[in-house]
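Here's the structure we're looking at; comments come further down.
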Amino acid sequence: MDSTRRIKMTDQTDHPFKVSETDHLWIEMPDGVRLAGRLWCPVTQMPVPAILEYIPYRKTDMVRARDERNHPYFAAHGYACIRVDMRGSGDSEGHMPDMYAQAELDDARQVIKWLAAQPWCNGRVGMFGTSWGGTASLQASVNAPDALKAAIAVCATHDRFEDDIHYMGGCVLSDTFEWGATLPAILASPPTANVGTDWKALWKERIENLTFPLENWLREDGRGQYWRHGSVIHQADALSVPVLAIGGWSDRYSNSVMSLVDARPTQVWGVVGPWGHHYPDQGSPGPAVGFQKLALDWWDHWLKSDTSQTPNWPRLRVWLREYVDPKDFLSMAAGKWIESGPTIQETKVQEISLSSLKSNTNHGRWIVPADPTVGQSAGDTGYFGRTGGLPLDQNFDDSRSLVFETAPLTEDLIIYGSVVLRLHGETKDQPNQIIARLSDVNSDGVSARITYGVRNLSLDENLDRISPSAKTDAFNADIRFHSTAYRIRKGHRIRLAFSSFYWPLIHAAAPKGDLSLDDGELVLPLMANKPSDLSEPLPPAEDLPEEKSHFTSAADRLTRWNKTRDNCIEMGWRQPLVKTAFPQMGTVFSYETGMVHRLKTSDVVEQETNVDHKMIFERPDGTAEVSVALTACSSLGHTTVDAELIVTWNKEIFMTRHWRKS
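Okay, so the sequence shown: first residue is 1146 according to the numbering used here, each after it adds one.
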């Protein structure tokens, strides 16, 4: 289906092109599998650069509204823009066995090659995306195809083991179970009539071949080849095109920006705002910024000329955070925008020994409490767009932890980069996990978390495999905290808190064993000079497109709860049904999700996590409903996962799948 329409903007001189839209087209891969795309082209006789977004999130419905914020805007400024469903998803053919499979990476390069060969393309291609799409853009930038000239990676991971939603410091993140339920539901959703009259046969075959990737994520519990595959930090010197890395301090994936700029300061630029897992124009907490204008400046420089001139943009433009009273939800963050070079050029290191700090227990051998209730103030792993989930006042958790604290500061300090903690201690029975939190304590004693880090003490220093020292009592371990830019004001105190639990954010798989510290050093990267304000302001967020093809409604607001009864803590949240309607297509896409964690705090710690995720596709030819219910139970380091997929068409069972993994 083709259509041509004017992209109406406030200033037509800034948006010179009409846009032709192709809702569905095929791109054939060398093995015969066809990938589905949606294309926006400027109406012009001249070939133009192409911009690719490549994700598994269903171009026809699931992220159709989001696509229409970005691609028509770029097309109206002279770019051919295409959204491609990865193989095994949406309207594309084939199967997806796991995230970042080799076929997925190879397909991206083939699509870039195909784009460059089209008569409407001048042979120059850019690639962008958020989350999976941002990571795919980074992966394609390693020894990039000749046609790929630049990339934008938003909320992307550069280290799949350490900076994704599966593990942190070698410890399992509970959010991996939510994604373990959500991804099979996405891949089991029906293709549309775009693929032909036999779309049901393709749907059935896809479900029959559906895998359960959570099994791989839990089995691969060290940073081996499985996680190194697709992790560009291990190949940073091979990034061969300019990369704009964008992140948010409230996002689980924020480490990638500063890390990549430090690793490849001649090839990577970075922007980090206060927001969570969003495109910056939808950034929350605010202030949001105009992603489309920011990206357009990037594309115009790298795709519309053959210049090799390095732009004069700062290497880093980041939101310098400051203390704000902790709340579940913030509309605006405290702080300001600053610019700088790579963090390794901007900082000096200050080391503080634990023994020099005031502690809530006597020195000798500090005991780290094994209290499974620690973590109820942690918030979500990453601020994934759900309402709330930011970390709360840490005092509840601090009171159940081993705490060290400075005296009130005599001057402001700016932490800029990744804090490192070097620990020396002893663990009995079997190696444990340790969690360290760095907080800003104001004059009223309120504790606002700045950053945190965790470490599985049974893994070696690279988190690769069981450490030889894991068989002994003594340990030396480094913990690397989430990177940050944070000003601690004069008169505030720095607090460091230790625990061996941080539930439910960290999956409570460790036994309640003794863990003690002899000493340690807190290594702070402090900004050496006064921070520089932005030389040019970032563009303001725009409400795009002006004319929308959809409207969204929700049954109710997301709810959260926390309750304790009979030595059992229950924490959970539920997002009621959210509907996005596309009247011109006669299509409504809906979803709802819930997650419940239960922890028994008896002598043997037992945890149960329940996730249910449902998606509904109302179309002119019928209604599909896809749901996954997952239960994960853990005790004494052993986890059993049970998941059931139910797929219906017009309220009748179409197919079911069941997985039970231990």
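Glycine included, each C-beta is placed from N, C-alpha and C at the ideal position.
Check whether the Cβ atoms of residue i and residue j lie closer than 8 Å to each other.
{"i": "Leu1090", "j": "Arg1368", "result": "With the chain covering only 1146 through 1807, there is no way to say anything about residue 1090."}
{"i": "Leu1535", "j": "Leu1583", "result": "no"}
{"i": "Ala1726", "j": "Phe1696", "result": "yes"}
{"i": "Val1723", "j": "Glu1323", "result": "no"}
{"i": "Val1813", "j": "Arg1232", "result": "It is not possible to answer for residue 1813, since the shown part of the chain is limited to 1146 through 1807."}
{"i": "Val1548", "j": "Tyr1424", "result": "no"}
{"i": "Ser1698", "j": "Gln1729", "result": "no"}
{"i": "His1480", "j": "Arg1462", "result": "Here residue 1480 turns out to be Gly, not His, going by the sequence shown. Not in contact: Gly1480 and Arg1462 (Cβ atoms no closer than 8 Å)."}
{"i": "Glu1687", "j": "Asp1426", "result": "yes"}
{"i": "Ser1628", "j": "Ser1399", "result": "yes"}
{"i": "His1216", "j": "His1160", "result": "no"}
{"i": "Ala1653", "j": "Pro1517", "result": "yes"}
{"i": "Tyr1631", "j": "Ile1560", "result": "yes"}
{"i": "Pro1684", "j": "Gly1393", "result": "no"}
{"i": "Ala1593", "j": "Pro1471", "result": "yes"}
{"i": "Asp1252", "j": "Met1174", "result": "yes"}
{"i": "Phe1306", "j": "Trp1372", "result": "yes"}
{"i": "Gly1383", "j": "Leu1790", "result": "In the sequence as presented, Gly is not what sits at residue 1383; that position holds Ala. Cβ distance not < 8 Å, so Ala1383 and Leu1790 don't count as in contact."}
Which whole-angstrom value is the C-beta distance of residue i and residue j, which I expect to be below 8 Å?
{"i": "Ile1624", "j": "Gly1598", "result": "4 Å"}
{"i": "Gly1782", "j": "Asn1601", "result": "Not quite, the Cβ-Cβ distance comes to about 11 Å (not below 8 Å), so this is no contact."}
{"i": "Thr1785", "j": "Ser1807", "result": "5 Å"}
{"i": "Ser1485", "j": "Pro1459", "result": "6 Å"}
{"i": "Ala1181", "j": "Lys1204", "result": "7 Å"}
{"i": "His1742", "j": "Pro1649", "result": "4 Å"}
{"i": "Asn1587", "j": "Ser1645", "result": "Contact flag wrong, Cβ pair sits at about 27 Å."}
{"i": "Thr1746", "j": "Asp1659", "result": "Thr1746 to Asp1659, Cβ: 17 Å. No contact."}
Which term fits residue i, buried or exposed, when burial requires 16 or more other beta carbons within 10 angstroms of its beta carbon?
{"i": "Trp1420", "result": "buried"}
{"i": "Lys1294", "result": "buried"}
{"i": "Val1749", "result": "exposed"}
{"i": "Met1313", "result": "buried"}
{"i": "His1803", "result": "exposed"}
{"i": "Thr1526", "result": "buried"}
{"i": "Ala1552", "result": "exposed"}
{"i": "Asn1674", "result": "exposed"}
{"i": "Val1317", "result": "buried"}
{"i": "His1637", "result": "buried"}
{"i": "Val1270", "result": "buried"}
{"i": "Asn1707", "result": "exposed"}
{"i": "Thr1801", "result": "exposed"}
{"i": "Glu1249", "result": "buried"}
{"i": "Pro1682", "result": "exposed"}
{"i": "Met1672", "result": "buried"}
{"i": "Met1740", "result": "buried"}
{"i": "Leu1679", "result": "exposed"}
Using DSSP with H/G/I as helix, E/B as strand and the rest coil, what is residue i?
{"i": "Val1773", "result": "strand"}
{"i": "Phe1322", "result": "helix"}
{"i": "Glu1353", "result": "helix"}
{"i": "Thr1555", "result": "coil"}
{"i": "Glu1484", "result": "strand"}
{"i": "Lys1258", "result": "helix"}
{"i": "Arg1592", "result": "A small correction: the amino acid at residue 1592 is Ser; Arg does not occupy that position in the sequence shown. Ser1592: strand per DSSP, three-state reduction."}
{"i": "His1783", "result": "strand"}
{"i": "Pro1721", "result": "strand"}
{"i": "Pro1471", "result": "coil"}
{"i": "Ile1331", "result": "helix"}
{"i": "Arg1610", "result": "coil"}
{"i": "Ala1515", "result": "coil"}
{"i": "Phe1541", "result": "helix"}
{"i": "Met1146", "result": "Note that Met1146 has pLDDT 36, beneath the 50 cutoff, so the model's placement of it is unreliable and no number is given."}
{"i": "Glu1249", "result": "helix"}
{"i": "Met1477", "result": "strand"}
{"i": "His1169", "result": "strand"}
{"i": "Gln1190", "result": "coil"}
I'd like the list of long-range same chain contacts for residue i, defined as Cβ closer than 6 Å, with 5 residues on each side in sequence excluded.
{"i": "Asp1156", "result": "Reliability of the predicted coordinates at Asp1156 is poor, the pLDDT of 38 falling under 50, and no value is obtained from them."}
{"i": "Trp1362", "result": "His1311 and Thr1321"}
{"i": "Asp1787", "result": "Thr1776 and Arg1805"}
{"i": "Glu1556", "result": "Lys1635"}
{"i": "Ile1196", "result": "Phe1219, Tyr1224, Cys1226 and Gly1271"}
Is residue i near the ligand FMN, with its Cβ less than 7 Å from a heavy atom?
{"i": "Thr1518", "result": "By its list of ligands, the structure shown contains no ligand whatsoever, and the ligand FMN lies outside what it can speak to."}
Ordered along the chain, which non-local residues of its own chain (more than five positions away) have a Cβ less than 8 Å from that of residue i?
{"i": "Arg1254", "result": "Ala1285 and Pro1290"}
{"i": "Gly1590", "result": "Asn1540"}
{"i": "Pro1264", "result": "Pro1192"}
{"i": "Ser1500", "result": "His1508 and Asp1664"}
Residues in its own chain within less than 7 Å of residue i by CB, not counting five upstream and five downstream?
{"i": "Ser1401", "result": "Ala1301, Thr1302, His1303, Asp1308, Ala1390 and Gly1392"}
{"i": "Asp1243", "result": "Thr1356, Pro1358 and Asn1361"}
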